[in-house]
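If you read the sequences in order, they're chains W and S.
For what it's worth, the working numbering labels the leading residue of the first sequence as 415, then goes sequentially.
For what it's worth, the working numbering labels the leading residue of the second sequence as 2, then goes sequentially.
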Amino acid sequence: MRLGKEQAVGYVEDTEADGLPAQELTIGNPDEMPLVPAPEPPLTVS
Amino acid sequence: MARLPFWPAGTAKGERPDRPFTGYKLAHAVVSADGARTGFAGLTLGATRVYGVTGDACCVWNHRHAPPRRWCGCGFYCLHALADARSLACATENRSALLLEVAASGRYIRYERGLRYSRQRIRAILDAQCGCGRPGAALADAGSGLIGWRHLTPVCDTCVRGRPALILRDFTSRLDGPVRVEPLLSSATLPSDPLSTDESTGESPIAVLTAEIALLHARLDDLQSRLDG
Numbered sequence: 415m416r417l418g419k420e421q422a423v424g425y426v427e428d429t430e431a432d433g434l435p436a437q438e439l440t441i442g443n444p445d446e447m448p449l450v451p452a453p454e455p456p457l458t459v460s
Numbered sequence: 002m003a004r005l006p007f008w009p010a011g012t013a014k015g016e017r018p019d020r021p022f023t024g025y026k027l028a029h030a031v032v033s034a035d036g037a038r039t040g041f042a043g044l045t046l047g048a049t050r051v052y053g054v055t056g057d058a059c060c061v062w063n064h065r066h067a068p069p070r071r072w073c074g075c076g077f078y079c080l081h082a083l084a085d086a087r088s089l090a091c092a093t094e095n096r097s098a099l100l101l102e103v104a105a106s107g108r109y110i111r112y113e114r115g116l117r118y119s120r121q122r123i124r125a126i127l128d129a130q131c132g133c134g135r136p137g138a139a140l141a142d143a144g145s146g147l148i149g150w151r152h153l154t155p156v157c158d159t160c161v162r163g164r165p166a167l168i169l170r171d172f173t174s175r176l177d178g179p180v181r182v183e184p185l186l187s188s189a190t191l192p193s194d195p196l197s198t199d200e201s202t203g204e205s206p207i208a209v210l211t212a213e214i215a216l217l218h219a220r221l222d223d224l225q226s227r228l229d230g
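Written as structure tokens, this is what we have:
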């Protein structure tokens, strides 16, 4: 992609983000499989 | 190891805008092997990397510097003008890409026509066009992909028949964050099926022509029979 002549450098915060955590997906990483909730412990009735 | 400085030597100190840039870019839609997750893949330099709604760029050639580095091509790319992104989407190799609106932030290098930057949040899908020219209401398997991810290609209501596909809203619901689906820009690119009906009568001009040819044949047959008689 041709962007033309460089004009400036800088830094800007994403002030519009709604606080969602950043998540980068990677290829072939088994650690990033969909999360499954842990089973809840059985209720004990006394 | 010490990180190389981002600021290029001899350049005036950088800008500090108070809000992220709005930019426009193209990306391929992808779906995970199990169909549970969706994402985006770049067109050229980032074609082998899948990213979600928010992402931080990393250099595929040199992990020791932080994108965007001036003498490297790394970082996310976007264009300032929607018209430029739509023009880019006309190229043959980009026809199956989605047109996206993004919020560009983090470190950046600003150019005449766009940005190279370190952090991205995808706001909206602005266009997806079927290979036949109609708006792509759904995304079907493109027949290509990466390890763990299948490329998707936009397909219209007609071309999707008989094919497994995700409608755009299903695609966005499988992303890792909210993304709007705007009315597709390609809906207004060309008149839809302009030869299908005659505006004055509501009849197809092809059907009218066929009927007139049949009438002409009948008159010729009648004339021939009179000559023979």
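Heads up, the beta-carbon is just placed ideally off N, CA and C, and yes, glycines get one too.
Classification of residue i by the beta-carbon crowding that lies within 10 angstroms, buried from 16 upward
i: T211 (chain S); result: exposed
i: V180 (chain S); result: buried
i: C91 (chain S); result: exposed
i: T93 (chain S); result: exposed
i: R20 (chain S); result: exposed
i: L167 (chain S); result: buried
i: E102 (chain S); result: buried
i: D222 (chain S); result: exposed
i: H29 (chain S); result: buried
i: K419 (chain W); result: exposed
i: D229 (chain S); result: exposed
i: I207 (chain S); result: exposed
i: Q121 (chain S); result: buried
i: V54 (chain S); result: buried
i: I123 (chain S); result: buried
i: L216 (chain S); result: exposed
i: A105 (chain S); result: buried
i: Q421 (chain W); result: exposed
i: R220 (chain S); result: exposed
i: A82 (chain S); result: exposed
i: G134 (chain S); result: exposed
i: A139 (chain S); result: buried
i: L27 (chain S); result: buried
Enclosing beta strand (DSSP E) for residue i [first to last residue]
i: S33 (chain S); result: 22-33
i: R108 (chain S); result: 99-112
i: S145 (chain S); result: 139-147
i: D128 (chain S); result: 115-128
i: A42 (chain S); result: 39-42
i: T55 (chain S); result: 55-57
i: Y152 (chain S); result: According to the sequence displayed, residue 152 (chain S) carries His and not Tyr. Residues 150-156.
i: G424 (chain W); result: 420-426
i: C73 (chain S); result: Looking at the DSSP string, C73 (chain S) is not in any beta strand (DSSP E), and its letter there is neither H nor E.
Sub-8 Å separation of residue i and residue j beta-carbons
i: Y52 (chain S); j: G36 (chain S); result: no
i: G132 (chain S); j: G24 (chain S); result: no
i: V182 (chain S); j: T173 (chain S); result: yes
i: L127 (chain S); j: L80 (chain S); result: no
i: R108 (chain S); j: P69 (chain S); result: yes
i: G15 (chain S); j: V423 (chain W); result: yes
i: S97 (chain S); j: A143 (chain S); result: yes
i: R87 (chain S); j: L99 (chain S); result: no
i: C73 (chain S); j: C60 (chain S); result: yes
i: P155 (chain S); j: G137 (chain S); result: yes
i: Y78 (chain S); j: R38 (chain S); result: no
i: N95 (chain S); j: L153 (chain S); result: no
i: R164 (chain S); j: V32 (chain S); result: no
i: L169 (chain S); j: A141 (chain S); result: no
i: A67 (chain S); j: S119 (chain S); result: yes
i: I110 (chain S); j: R50 (chain S); result: no
i: L417 (chain W); j: E213 (chain S); result: no
Alpha helix (DSSP H) segment containing residue i, residue limits
i: T273 (chain S); result: Given that chain S is displayed from residue 2 to residue 230, the structure contains no residue 273 (chain S) and the question cannot be resolved.
i: R96 (chain S); result: Neither: R96 (chain S) is in no alpha helix (DSSP H) and is coded neither H nor E.
i: R87 (chain S); result: 83-90
Contacting positions in the stretch 105-116 of chain S - beta carbon closer than 9 Å to chain W = Only A105, S106, G107, R108, Y109, I110, R111, Y112, E113, R114, G115, L116 from the stretch 105-116 of chain S bring a Cβ to less than 9 Å from some Cβ of chain W.
Do the stretch 146-165 of chain S and the stretch 71-91 of chain S make contact, defined as three or more Cβ pairs closer than 8 Å?
-> Touching, no.
Under 8 Å (Cβ pairs) to chain W, residues found in the stretch 153-170 of chain S | None of the residues of the stretch 153-170 of chain S has a beta carbon lying less than 8 Å from any beta carbon of chain W.
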